[in-house]
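Numbering (the numbering used here), first residue to last: 107 to 628.
Ideal Cβ placement from N, Cα and C applies to all residues, glycine included.
Working notes, beginning with the structure itself.
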């Protein structure tokens with residue numbers, strides 16, 4: 107699938123900075139990492155024809171050269187054309203949107219047919235060009251690090267999930283990327299896991315330059331820490347417990363002598379002599395099984411034979427598996443149990459879950475005959491609606507204020523959680539900000555833990571979604587103390603502003619219902 111990528115750098119960098127400076131820095135300094143995620147992992151937009159992998163043929167980054175010139179080198183090395191967009195007005199307004207729209211139209215009308223246009227921006231000014239691309243039967247994918255309008259979202263075929271981008275593309279797990287928070291032992295453990303994962307999946311000796319790149323991309327702390335204090339990549343490699351692997355000097359590759367023939371690796375000369383030049387052995391304990399990844403986003407493995415163009419064959423196997431399991435079951439099957447069955451029957455499926463990022467998202471994307479996926483109280487089930495029921499999870503009577511509040515929450519993209527659940531989240535947010543410096547990962551974890559203590563089933567992702575919505579609409583968590591009442595007023599204000607932007611009519615009774623909902627009094 108031929109793709110063209112257009113990055114509004116200023117817009118994305120500013121939006122990610124609101125979540126935390128480290129997120130913006132990771133985006134700006136590691137474009138190769140998230141570009142690899144786009145190509146290898148991100149699901150293709152609905153309706154994309156064929157099964158081929160993305161090929162990002164056009165890569166353009168538009169930035170203000172004055173404040174952001176230090177980031178040019180990373181994008182240049184990732185193969186981007188950099189378009190300088192200096193301020194054109196006294197207020198600092200740049201011409202990025204005009205440049206991007208004109209370039210998108212040029213690419214659309216070029217002799218090469220591009221199947222997908224990827225836009226990194228939250229600027230609603232791109233809505234008309236997204237609609238034009240749809241009229242021309244092109245697929246559109248959008249990443250927005252900021253508040254967006256419903257019309258902008260609806261104009262795109264695929265919206266990149268912000269949480270998935272932070273965790274998978276940027277490598278953020280439980281907090282912001284922070285070198286000081288990762289000890290050298292942890293960094294070396296991650297490096298060891300990457301090496302074993304690469305070698306376990308390789309059929310031939312792995313070239314050392316490719317291994318160097320894999321380590322730098324998957325464990326970005328390594329080059330920042332002078333290769334975990336070892337000085338060089340080779341010194342780091344020799345310090346890891348990798349016996350019986352060997353470094354073959356003639357091939358300039360890492361070799362597993364137990365199963366790899368001494369042949370030139372991909373991209374290496376096949377003219378190497380017959381005598382082995384392998385060094386070794388590495389000092390440590392030999393592995394008895396493939397080493398699991400530890401605390402990092404796994405290296406993107408090549409797809410199994412026959413699936414190089416996509417996930418179609420494994421997706422079809424999974425669909426048949428679920429339909430057969432549900433048909434044979436006397437009761438609804440918990441989603442967690444289905445995940446165990448899928449991992450056992452389809453090895454490797456858990457690596458990015460066929461491009462969906464999580465088991466839940468993969469299940470929700472399936473259209474299975476005779477099978478319904480139901481999520482209640484954060485627990486999922488697969489069932490046959492004609493034979494199965496969930497008596498223990500009967501639907502509760504509708505809350506009397508839900509009819510008033512649900513459309514308001516929908517306007518800003520928030521779920522219609524219960525009043526007590528919103529109160530618990532805002533209480534947890536106020537408490538977290540009063541006890542510790544702002545960090546997106548730490549604060550959302552504290553919110554989630556507070557909800558659990560209050561016996562309110564709110565996931566960490568839901569806490570992250572609420573906080574991200576507030577931040578993208580102007581909330582500055584680090585600006586000062588924020589009491590519970592202040593956060594209720596702020597949240598209601600953000601929701602009502604979104605309603606005004608989207609044209610949702612709000613009566614006085616709706617405002618009162620919203621306040622009652624957020625305070626848990628409803």
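Query                                                                                                                                                                                     : Result
For a minimum of 3 consecutive residues, which ranges assigned as the beta strand (DSSP E) are wholly contained in the region 183-218?                                                    : 187-190
Would you mind reading off the limits of the beta strand (DSSP E) that contains residue 169?                                                                                              : 161-169
Would you check if the distance between the CB atom of residue 514 and the CB atom of residue 610 is smaller than 8 Å?                                                                    : yes
Taking the C-alpha atoms as reference points, what is the distance between residue 355 and residue 347?                                                                                   : 19 Å
Closest by CA to residue 564, which one among 129, 544, 533 and 541?                                                                                                                      : 533
Is residue 112 helix, strand or coil when you go by DSSP?                                                                                                                                 : strand
Alpha carbon to alpha carbon, how far is residue 233 from residue 493?                                                                                                                    : 45 Å
Alpha carbon to alpha carbon, how far is residue 298 from residue 350?                                                                                                                    : 13 Å
Is residue 531 closer than 8 Å to residue 557 when the C-beta atoms are compared?                                                                                                         : yes
Judging by CA-CA distance, which residue of 173, 159 and 451 is the nearest neighbour of residue 134?                                                                                     : 173
Hey, residue 699 and residue 325 are a contact pair by Cβ (cut 8 Å); roughly how many whole angstroms apart?                                                                              : Beyond the ends of the chain as shown, which are 107 and 628, falls residue 699; an answer cannot be given.
Locate the beta strand (DSSP E) running through residue 698, then write down its first and last residues.                                                                                 : The requested residue 698 is not part of the displayed model; the chain covers only 107 to 628.
Classify residue 126 as buried or exposed, calling it buried when 16 or more other Cβ atoms lie within 10 Å of its own Cβ.                                                                : buried
Mind checking residue 418: buried by the 16 CB within 10 Å criterion, or exposed?                                                                                                         : exposed
According to the neighbour-count rule (16 or more other Cβ atoms, all chains shown, within 10 Å of its Cβ), is residue 306 buried or exposed?                                             : exposed
Cβ of residue 206 within 8 Å of Cβ of residue 200?                                                                                                                                        : no
Could you give the distance in angstroms between the alpha-carbon of residue 433 and the alpha-carbon of residue 442?                                                                     : 17 Å
Nearest by alpha-carbon distance to residue 358: which of 310, 479 and 468 is it?                                                                                                         : 310
Just to check my reading of the structure: residue 108 and residue 219 have Cβ atoms closer than 8 Å, yes? What is that Cβ distance to the nearest angstrom?                              : 7 Å
Would you kindly check if the distance between the Cβ of residue 427 and the Cβ of residue 448 is under 8 Å?                                                                              : yes
Could you check which residue in 507, 209, 468 and 453 has the C-alpha nearest to that of residue 616?                                                                                    : 507
With DSSP run on the structure shown, which of helix, strand or coil describes residue 570?                                                                                               : helix
Quick check: the Cα distance between residue 539 and residue 552, rounded to an integer number of angstroms?                                                                              : 9 Å
Assign residue 481 to one of two classes, buried (16 or more other C-beta atoms within 10 Å of its C-beta) or exposed (fewer than that).                                                  : exposed
I want to know whether the region 617-627 touches the region 580-589 - three or more CB-CB distances under 8 Å.                                                                           : no
Considering just the uninterrupted stretch of the beta strand (DSSP E) at residue 353, what are its terminal residues?                                                                    : 352-354
Beta strand (DSSP E) containing residue 322: first to last residue?                                                                                                                       : Premise fails: residue 322 lies in the alpha helix (DSSP H), 314-324, not in any beta strand (DSSP E).
Between which two residues does the alpha helix (DSSP H) carrying residue 447 extend?                                                                                                     : 441-451
Note down the Cα distance separating residue 120 from residue 430, rounded to an integer number of angstroms.                                                                             : 48 Å
Quick check for students: name the residue ranges of the alpha helix (DSSP H) that lie wholly in the region 553-609, counting only runs of 4 or more.                                     : 566-578 and 590-608
Here's a check: name, in chain order, each residue in its chain whose Cβ is nearer than 7 Å to the Cβ of residue 560, leaving out the five neighbours to either side.                     : 530
Might you give, ordered along the chain, the residues of its own chain that have their beta carbon closer than 7 Å to the beta carbon of residue 607, omitting 5 neighbours on each side? : 255
By Cβ distance, which residues of its chain are closer than 8 Å to residue 407, with the 5 residues on each side in sequence left out?                                                    : Any reading at residue 407 is ruled out, since the residue's pLDDT is 37, under 50, leaving its predicted position unreliable.
Could you tell me whether the Cβ atoms of residue 112 and residue 248 are closer together than 8 Å?                                                                                       : no
In this structure, what does DSSP give as the bridge partners for residue 223?                                                                                                            : 110 and 246
Count the other C-beta atoms from every protein chain shown that fall within 10 angstroms of the C-beta of residue 179, then say buried if there are 16 or more, exposed otherwise.       : exposed
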